[in-house]
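Here the structure comes first, spelled out in structure tokens, and everything after it is commentary.
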Amino acid sequence: MRILLVEDEPDIARQLKAALMDAGYVVDHAPDGEEGQFLGETEPYDAVVLDLGLPKVDGVSVLERWRRAGLATPVLILTARANWSDKVTGFDAGADDYLTKPFHTEELLARLRALLRRAAGHAQPQLSCGDLRLDPRAARASVNGEPLRLTSLEYRLLHYMIMHHERVISRTELVEHLYDQDFDRDSNTIEVFIGRLRKKIGSDRIETVRGLGYRLIPVGEDR
Amino acid sequence: MNPSPPPQDQVRRASGAALAGRSLVRRLVLLAAVWCVALLAGAGVLLTANFHAAALQRFDQGLSEDADDLYAGAAVGPGGEVFAPAITDARATRVYSGKYWEIAERRADGKLHSLERSRSMWDADDLPASADVIEQLTRKPNNPVHFDGPGPHHQRLRITAMQRLLPRRATPIVFLTAEDRGPIDDDVQRFSLMTALALVVLGLGLVAAVVIQVRVGLSPLFAMRRDLAEVRKGKVEGLTGAYPTELQPLADELNALVEHNREVVERQRTHVGNLAHALKTPLSAMLMEAQAQPGPLAEVVERQADLMRNHVEHHLRRARAAARSQTLGERTPVAPAMEELTRLLEKVYRNKDLDVDPGDPSLIFAGERQDLLEIVGNVLENACKWARSEVLAHVEALDARRLRVTIEDDGPGLPADKREEVLRRGARLDESAPGTGLGLAIVDDLSRAYGGDLRLGVSERGGLKVEIDLPRADN
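Okay, here's the thing in structure tokens:
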């Protein structure tokens, strides 16, 4: 696993690099935004740890440029500014997780592990199945133009099903994609979520394939 | 101790209040009214006096002519006896008619001794002539002297006396004519009454005109006050109306003040942010260094660094919260902020099911976006941390002035006696829980700074239920 660390404070950078290498990652370090952006664009990384307060180019701008260029690498942002508007700005720019300084090294490693595991795609185009539409950027879904109000797990369930609507998806597969691996999961909850989703989008849209799992049925016109 | 005298400005204000109160309108109207009343009263007095003088002069002139006639018609007998003219005014023959005449001789003692009297005087006393009148007669003989005196039947008489010398008479003869002045006094009184009435009506009209003028004239000022109230309430960002040229500079200054206020708050916030950044980066370095080299020293450093982090966070946020309430005219739509926070937390807390209803898109928080994010973000993140599987949130309008954000989770919740504590000290109640535990206290400070309210309760799902009431701006 190759990690890019963009951090200007030399002590923190040295310690973080050491901790990451101890955890078995290959680490490249960039001391400023300009170099960080260049490395991120040219080298294939599995994840990026990005400080927001950087010299030359600040972290949010670096992130925005990567995302505009279509780079989907998961990014964890580090910030000394703990206020929510900074966090929101970071996430709007395309961050996947944040940590507020000062933090414990174990926490960073744990977050990074989770991030690498899910490695969800970014800048995905709009998804659709029949008149069911889903906008991953805005995290919104709609049926026949009518916006749906989904909880976060319902949304992720629908997202996964709409991405794989051409095939039957097993319950285990859904559980694995809905929850992180270290979560104490119960496959029965999937039935609950499927039930709730059916209520919101229409029960005829999710087909139960006995013994195999579920499948999303296209209904209405796909524009 | 001596009782201290009242402060100077208080005295001045009190006397000012006695004069015209503290209302500009009252002050202007009162000033105009006092001026009007003084002018009109002066005009009234002048008019009446003039009329009175003219009427009296005409009256006196008539009496003088009568006295001349009396003198011209009087005849002196061979023995020096004086005879009154045979024909006089008919009224002078009717008893107590109000028209009288008398011919009197001036004796050596200075008194008047009546020689002839009009029939109308009947048995009344002679016409009175005081020493002062006698003295005037002496000073200017042949000229009429006018004076007042009592007459029969309580008549007030206007009397004219004229001293003449007649042939064959050693002593001067005084011709007196008199007439009841009641009718002209009545005329004068009627005239004064009418004048006063007219002037009062005129005065009232003028004061009414002044009131209207002041109200209309000052209406831009009232409009400005209303506009400023709107700014304070957060409905608009500044005074943008078209004001008269005299008020425009004031509006500009006020706008500059509002803008300055905003800038100061922003600067303060930047400073605070910089300080936080400056302190936290070295803290991070210390913390990580300590963790990299386990040992008793490292443990102490780690514990103290954690403590310092909490203190820094706590006091910086509190300082920021204190700077909040002073900002003016900020508006933040609630729904987009809720959606942004939800998107963020969904990514971070992937195992928790967030059910967030961002509410009516037209709901607007009367405050800054940053603060709304801070308030809701902290509570929502807190709920995500503690929830077993579910977090519920919704926004609703309470009334025209307030909105409520409710956030619940299905976590362990807080016992009643701990709820107070968590707000008061920002204490981290359970050391095993993630996070600094400052969140709720900060939210409480912030919502209070906005005149809002934070309540902790029990959710139907078993966990903590947080209700935050916040000021709502008009659409």
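Residue numbers (this note's numbering), protein chains in the order written: chain A, 52 to 274; chain B, 811 to 1285.
We treat Cβ as the ideally placed atom computed from N, Cα and C, and that holds for glycine.
All figures in this text were calculated on a predicted structure; none of them were measured in a lab.
query	result
Please confirm whether A:ASP276 has its beta-carbon closer than 9 Å to some beta-carbon of chain B.	Nothing about residue 276 of chain A can be read from this structure; chain A reaches only from 52 to 274.
Could you tell me which of B:TYR1159, B:ASN1192, B:VAL1144, B:GLY1262 sits nearest to B:GLN1180, measuring between CA atoms?	B:VAL1144
Looking only at its chain, what residues have a beta carbon closer than 6 Å to the beta carbon of B:THR970, apart from the 5 residues adjacent to it on each side?	LEU873, SER874, ALA877, PRO954, HIS956, THR987
Taking the C-alpha atoms as reference points, what is the distance between B:GLY1245 and B:VAL1122?	Unreliable placement is indicated for B:GLY1245, whose pLDDT of 45 sits below 50; the coordinate value is still reported in the next sentence. The straight-line gap from Cα to Cα measures roughly 15 Å.
Express the C-alpha separation of A:VAL111 and A:LEU292 in angstroms, rounding to a whole number.	One cannot answer for residue 292 of chain A here, as it falls past the ends of chain A, which runs 52 to 274.
Contact between the stretch 971 to 984 of chain B and the stretch 880 to 891 of chain B is defined here as three or more beta-carbon pairs at a separation below 8 Å; is this criterion met?	yes
Closest to A:LEU166 by CA distance: which of A:LYS251, A:PRO106, A:ASP148 is it?	A:ASP148
Would you mind sorting A:GLY75 into buried or exposed? The rule is 16 or more other CB atoms within 10 Å of its CB.	exposed
Within the 9 Å Cβ cut-off, does B:GLY1027 reach chain A?	no
Assign B:GLU1047 to one of three DSSP states: helix, strand, or coil.	coil
Can you grab the Cα-Cα spacing for the pair B:ALA848 / B:HIS963, in whole Å?	40 Å
How many Å lie between B:GLY854 and B:ARG836 at the Cα?	26 Å
Are the CB atoms of B:VAL892 and B:ARG979 nearer to each other than 9 Å?	yes
To the nearest angstrom, how far is it from the Cα of A:ARG274 to the Cα of A:ILE252?	Model confidence at A:ARG274 stands at a pLDDT of 49, short of 50, so the residue's coordinates are unreliable; what they give is reported in the following sentence. Straight-line Cα distance between these residues: approximately 18 Å.
Taking the Cβ atom as the reference point for each residue, do B:GLU1277 and B:LEU1256 lie within a distance shorter than 9 Å?	no
Counting along the chain, where does the beta strand (DSSP E) carrying B:ILE913 start and finish?	909 to 916
Can you look up B:LEU967 in the DSSP assignment and give me helix, strand or coil?	strand
Is the distance from the Cβ of B:ARG1232 to the Cβ of B:ALA1203 below 9 Å?	Position check: residue 1232 of chain B holds Val in this sequence, whereas Arg was assumed. Taking 9 Å as the Cβ cut-off, B:VAL1232 and B:ALA1203 do not qualify as a contacting pair.
Have a look at the DSSP bridge pairing and note the partners of B:LYS1346.	The first residue shown for chain B is 811 and the last is 1285, placing residue 1346 of chain B beyond what the model contains.
Below 7 Å on C-beta distance, what does B:GLU1184 contact in chain A?	ASN134, TRP135
Nearest by alpha-carbon distance to B:PRO1168: which of B:ILE1185, B:THR1142, B:GLU1206 is it?	B:GLU1206
Is the beta carbon of B:GLU1218 closer than 9 Å to that of B:GLY1261?	no
Would you list, in chain order, the members of the stretch 1098 to 1123 of chain B that have their beta-carbon closer than 7 Å to a beta-carbon of chain A?	MET1098, GLU1099, GLN1101, ALA1102, ALA1115, ARG1119, GLU1123
Determine, using beta carbons only, whether B:MET1287 and A:ILE257 come nearer to each other than 9 Å.	No statement about residue 1287 of chain B is possible, as the shown extent of chain B runs from 811 to 1285 and does not include it.
Looking at A:GLU205: is its Cβ nearer than 9 Å to the Cβ of A:LEU248?	yes
Given a cut-off of 9 Å, decide if B:LYS1275 and B:ALA1176 are closer than it, judged by their beta-carbon atoms.	no
Go to A:PRO198, then tell me how far its beta strand (DSSP E) extends in each direction, as first and last residue.	197 to 199
Identify the continuous alpha helix (DSSP H) that holds A:LEU229 and give its terminal residues.	222 to 229
Would B:THR1091 count as contacting chain A if we go by Cβ distances under 9 Å?	yes
Return the chain-ordered list of same chain residues with a C-beta closer than 6 Å to the C-beta of A:THR124, the five sequence neighbours on each side being excluded.	TYR96, VAL99
Quick one: which unbroken beta strand (DSSP E) runs of 3-plus residues sit fully inside the stretch 1101 to 1189 of chain B? Chain order, please.	1163 to 1167
Against B:ASP1227, what residues of chain A qualify as contacts under a CB-to-CB distance less than 7 Å, listed in chain order?	Per Cβ cutoff of 7 Å: no residues; B:ASP1227 is ~29 Å from chain A at best.
Taking A:TYR211 as part of the alpha helix (DSSP H), name the residues at either end of that continuous run.	203 to 214
Do three or more CB pairs link the stretch 911 to 919 of chain B to the stretch 837 to 844 of chain B at distances below 8 Å?	no
Just how far apart, CA to CA, sit A:GLY141 and B:LEU1031?	46 Å
At the level of alpha carbons, what is the spacing between B:ARG904 and B:ARG929?	7 Å
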